[in-house]
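Participant: Numbering-wise (this note's numbering), the sequence shown opens with residue 4 and increments by one.
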Amino acid sequence: MHDLALPSSGRASGAGDACLFGLSLCSGAGGLDLGLTIAIPGYRAVGHVERETYAAATLVARMEDASLDQAVVWDDVASFDGRPWRGAVDIITAGYPCQPFSVAGKRRGADDPRHLWPHVARIIGEIKPPFVFLENVAHHLRLGFPEVASGLVGMGYRLAAGLFTAAEVG
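1) What separation, rounded to the nearest whole angstrom, lies between the Cα atoms of Ala60 and Ala48?
2) Tell me the DSSP secondary structure of Gly45 in three-state form.
3) Name the residue from Gly38, Leu166, Ala64 and Cys29 whose alpha carbon lies nearest to the alpha carbon of Ser82.
4) Tell me which residues share the same chain as Gly31 and place their Cβ nearer than 6 Å to its Cβ, disregarding the 5 neighbours each side in the sequence.
5) In terms of residue numbering, what span does the alpha helix (DSSP H) encompassing Thr61 cover?
6) So, helix, strand or coil for Leu71, using DSSP?
7) Tell me the DSSP secondary structure of Gly50 in three-state form.
8) Since I believe Val63 is in contact with Val76 (beta carbons under 8 Å), could you give me their beta-carbon distance rounded to a whole number of angstroms?
9) Cα separation between Ala69 and Leu37?
10) Where DSSP assigns a beta bridge to Gly25, which residues make up the other side?
11) Pop quiz: Thr96 and Leu155 are said to be a contact at Cβ under 8 Å. What is the actual Cβ separation, rounded to whole angstroms?
12) What residue range does the alpha helix (DSSP H) around Cys83 cover?
13) Would you kindly work out how many angstroms separate the C-alpha atoms of Glu85 and Ile126, rounded to a whole number?
14) What separation, rounded to the nearest whole angstrom, lies between the Cα atoms of Thr56 and Leu137?
This is the structure in structure tokens:
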């Protein structure tokens, strides 16, 4: 599932500028950032938060081969402080863990220790970027998404949500 949250009040500060600066939470191997780099000329991830060692190493390798721009990588979304990034980031991307919502898992939702949406929401609230782009599994629409949607709407975002196959997005 892919979600785009837009501010109710208008466009990103960077929308007309040469760059759109992003902060990537639960970055994984950087797939969302690679996609945005291709889709939006001038997109640049300026920071990543990823706790999985292998995924973080892949991010660094992608920076070394210039697939991604050089950026700092933090390892803990729970302790990450977004406040210093307010005004410096135009978009937050997050591919937070799907295990709490996946039909392949136990679907424990908020009771799953891997449920990181509350941390992602806190960081979005600290930074208040003009744009938010989230990715998760299809079943998240049935389990947990109402909490995400109401949280974003409560922060002043308009939502657009959709289900896409891998073939539809390349």
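C-beta: ideal position from N, C-alpha, C; glycine also.
The structure displayed is predicted, hence computed values, not measured ones.
Facilitator: Considering the structure as presented:
1) In this structure, the alpha-carbon of Ala60 lies about 16 Å from that of Ala48.
2) Under the three-state reduction of DSSP output, Gly45 falls in the coil class, being neither helix nor strand.
3) Comparing Cα-Cα distances from Ser82 to each of Gly38, Leu166, Ala64 and Cys29, the minimum goes to Cys29.
4) Ala58 and Gly98.
5) Annotation for Thr61: the continuous alpha helix (DSSP H) segment containing it runs Thr56 to Glu67.
6) It is coil, neither helix nor strand.
7) In the structure shown, Gly50 sits in a strand (DSSP, three-state: E or B).
8) Their Cβ separation, rounded to whole angstroms, is 7 Å, which keeps Val76 and Val63 in contact under 8 Å.
9) Between the C-alpha atoms of Ala69 and Leu37 there is a straight-line separation of about 11 Å.
10) Ala48 and Ile94.
11) Taking 8 Å as the upper bound for CB-CB distance, Thr96 and Leu155 are not in contact here, some 14 Å apart.
12) Reading off the sequence, residue 83 comes out as Phe, not Cys. Where Phe83 is concerned, there is no enclosing alpha helix (DSSP H), given that its DSSP letter is neither H nor E.
13) Note that residue 85 is Gly in the sequence shown, not Glu. CA-to-CA, the gap between Gly85 and Ile126 works out to about 5 Å.
14) Their Cα atoms are separated by approximately 22 Å.
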